[in-house]
Amino acid sequence: MCGIVGFVGRQEAAPILLDGLSRLEYRGYDSAGVAVVSPRREIQIKKSKGRLQVLSDLIHGGKDMEGTIGIGHTRWATHGAPNDVNAHPHMSEGGKFAVIHNGIIENYVEIKEFLIKQGVHFKSETDSEVVAQLLEFYYNECHDFFEAVGRVLRRIEGAYALGMLCADCPDRIIAARKDAPLLLGYGDGENFIASDVTAIIKHTREVAYMEDGEVAILTTDGIEVFDALQQPVKKERHHIDWEVSAAEKGGYPHFMLKEIFEQPEALRRAISPRLKGGKVVFDDMKLTVEQIKAFQRIFIVACGSSYHVGMLGKYTLEHLTRRSVEVALASEFRYCDPIVDMNTLVIVISQSGETLDTMAALREAKARGAYILSIVNVVGSSIARESDDVIYTWAGPEIAVATTKAYSTQLAVLDMVALAFGEALGAVDAKEYEEAVTELEKLPGKMETVLEHCEDIQMFAAQHFNHNSIFFIGRNLDYALGLEGSLKLKEISYIHSEAYASGELKHGTISLIEEGTLVVALGTYGALFDKAMSNVVEVKARGADVLALTTESHRDEMAKTVSTVLTIPDTAPMLLPSLGVVPLQLFAYYVALQRGCDIDKPRNLAKSVTVE
Ligand code: M6R
């Protein structure tokens, strides 16, 4: 849940570390710090609570820290309050080691007690400090940095991406990884570690992804990688081909708004190469028709917005394949003794490919013999690498904590998977298949039309940003869409919000509707439009202020009852949520803007949730 960057080269390290951290702030932003080895072979550490800017001001953009090798960290607190002392890097008591850490050291209490008994004094409340102290403890025994790292890794349990400096070896960074993302960047006379490629892409496009158990030694001359048995490993390098600008705001006030507007282009990337001659064709999927036919059970497993995509996918997959599909929250799936075996397909959805709950669910399913097909955005991420099959969404880097373009592309990909499976199983109606493919081609263009009306939504948000509570209601696809609309709103505007299947209102929730309550009524799904209308009438009768979202063909009907009606173009039913989500994203964005919220970095949240 934190961001890590490290640099070794001939340039001054601190400004490079600060710049890298600025691109990782989405991973955590309650404190930040850097450690640089000075030409006098001393480790200097500066860290501070708050946003990165506070640290940058403290060290004058890095000018105050001389040295060409260093590590930096931006934190999302788990163990210990967000303050200066708990911020990383952590220094060992004797000042020989500095450590940055992403993950959780599960047995830190026991190690801390052991070290305290040996006379070590701790400064912070974190689990991470034990790594620095333990390193020094072992180093004092063996006087070898690499050997001391090996001993530490054999002693600690849990998840980690680690960057480590040793004052006695001022030419190198040692990095280690287990269950937390970490990549290596290969430059010309300079080398890098980072949690995410965005932190180093300005400097190099050649990267390798560290695997669990691997340890890397980085110097100006190169990077050596070793496995858990300390045997050398030859790493496969990947070339990153997206532009630096993809990870910058490009004139938009927030990454979220930029990413909302990038959706049509992202959809083109996700859809076009997979439509050939009127058919959905996944060149990047290994599954054969025989395998698809052999699956007796299908699960979709994910968290947050990715889970909402899974809910929509369930409707579509079941409809097109006539197979039953279970959708599970990854954090629940792993503990519910799921009925999964070698005849089960588990579709894992994740933007980051690093969400720990999702990763754990994947491993649980794999251990039980399931075939794992993942839908992932971040290329080379852990989930992608551990899956039997991976379909990338190609949405490009998503920086805002609230997901938008990753959601849309996940949904388009899952819809295409449903069509491909439906065809493989001979279950899909030919006319419906043809219509869906035609509409998939038109989807990016139709989304552009929706985005053209963003000012209407901005105006509406300006009138309604003061509500304490907002309800989203809808049926079937519109219900799952409402869950996403409600999550977007609460995560960035902090307004309490709930999404309900409209039919459930009368079973309890309608008691909460009173004069002036804002209800966002979703009625895009034509087959259930009349039912949606009845629910609108019910809430209006109790005094609700209704914002309705429907298709152009139903606008007039809806307008007879509701004065504020937003519309999306008509399309194939399964694609309606792909268009319907855009006004909901914009509504959340403009409400949060009116309320002065920190839209790209909402309180208490981080982009990539790598803790349980
Ligand atoms: O990277 P993932 O797709 O695995 O992340 C899952 C959730 O943490 C994520 O969708 C979260 O709910 C978003 N912040 C919602 O906007």
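Numbering (numbering that gives the first Met the number 0), first residue to last: 0 to 611.
A virtual CB, placed ideally from N, CA and C, is assigned to each residue, including glycine.
Only exposed fits Cys-141, as fewer than 16 other CB atoms lie within 10 angstroms of its CB. Phe-260 places its beta carbon 8 Å or farther from that of Arg-273.
Annotation for Ala-498 indicates a beta carbon at 7 Å or more from all heavy atoms of the ligand M6R. In the assembly as shown, Leu-228 is an exposed residue. Its beta-carbon has fewer than 16 other beta-carbons within 10 Å. The continuous alpha helix (DSSP H) containing Arg-150 extends over residues 144 to 154. With at least 16 other beta carbons inside 10 angstroms of its own, Pro-601 counts as buried.
If the five residues before and after Val-536 are omitted, its C-beta is found closer than 8 Å to the C-beta atoms of Thr-560, all from its own chain and listed in chain order. When Ala-498, Ile-42 and Ile-509 are compared, the shortest CA-CA separation from Gly-66 is found for Ile-42. Thr-437 sits exposed, since fewer than 16 C-beta atoms from the chains shown fall within 10 Å of its C-beta. In the DSSP annotation of this structure, Asp-544 is not part of any alpha helix (DSSP H); the continuous beta strand (DSSP E) holding it starts and ends at 544 to 550.
A distance criterion of 7 Å places the beta-carbon of Gly-303 in contact range of the ligand M6R, judged by its closest non-hydrogen atom. Ile-456 is a Cβ neighbour of Pro-582, given a cutoff of 8 Å. In terms of side-chain proximity, the C-beta atom of Ala-179 is found no nearer than 7 Å to any non-hydrogen atom of the ligand M6R. Ala-198 carries a helical assignment under DSSP once its states are collapsed to helix, strand and coil. The beta carbon of Glu-447 lies closer than 6 Å to those of Pro-263 in the same chain, with the five residues before and after it left out. In this chain, the beta strand (DSSP E) harbouring Phe-96 covers 96 to 104. The three-state secondary structure of Gln-10, taken from DSSP, is coil. Per the coordinates, the alpha-carbon of Arg-26 lies some 10 Å from the alpha-carbon of Asn-101. Within the same chain, Cβ atoms closer than 7 Å to the Cβ of Val-378 are found at Tyr-391, the five residues on either side in sequence being excluded. It is roughly 30 Å from the alpha-carbon of Ile-44 to the alpha-carbon of Ser-380. Sequence-distant partners of Phe-332 (beyond 5 residues in either direction) whose C-beta falls short of 6 Å from its own C-beta, in its chain, are Val-300 and Ala-360. Buried is the label assigned to Lys-257, since at least 16 other Cβ atoms lie within 10 Å of its Cβ. Setting aside the 5 residues that flank it on each side, Gly-79 is surrounded in the same chain by Asn-85, Ser-123, Glu-124 and Thr-125, each with a C-beta closer than 7 Å to its C-beta; the list follows chain order.
Secondary structure of Met-163 (DSSP, three-state): strand. Glu-611 has no beta-bridge partner at all, per DSSP. For Ser-244, there is no enclosing beta strand (DSSP E), as DSSP marks it with neither H nor E. Between Asp-83 and Ser-127, the C-beta gap is not smaller than 8 Å, which leaves the two residues out of contact. Comparing alpha carbon positions, the residue from Tyr-493, Phe-528, Ala-269 and Asp-544 closest to Leu-592 is Tyr-493.
Rounded to whole angstroms, the gap between the alpha carbons of Ser-468 and Asp-63 is 48 Å. Looking only at Thr-403, Arg-362, Cys-165 and Ala-401, the smallest Cα-Cα distance to Ala-383 is reached by Arg-362. Assignment of Pro-231 by DSSP, reduced to helix, strand and coil, places it in the strand class.
Listed in chain order, the alpha helix (DSSP H) runs fully inside the region 8 to 81 are 12 to 23 and 51 to 57, counting runs of at least 4 residues. With a cutoff of 8 Å on beta-carbon distance, Ser-496 and Tyr-406 are scored as not near each other. In the displayed model, Lys-111 falls within a helix according to three-state DSSP.
Secondary structure remark: continuous beta strand (DSSP E) runs of at least 3 residues inside the region 382 to 461, in chain order: 388 to 391. Selection Leu-565, Arg-153 and Ala-401 evaluated against His-452 yields Leu-565 as nearest (Cα-Cα).
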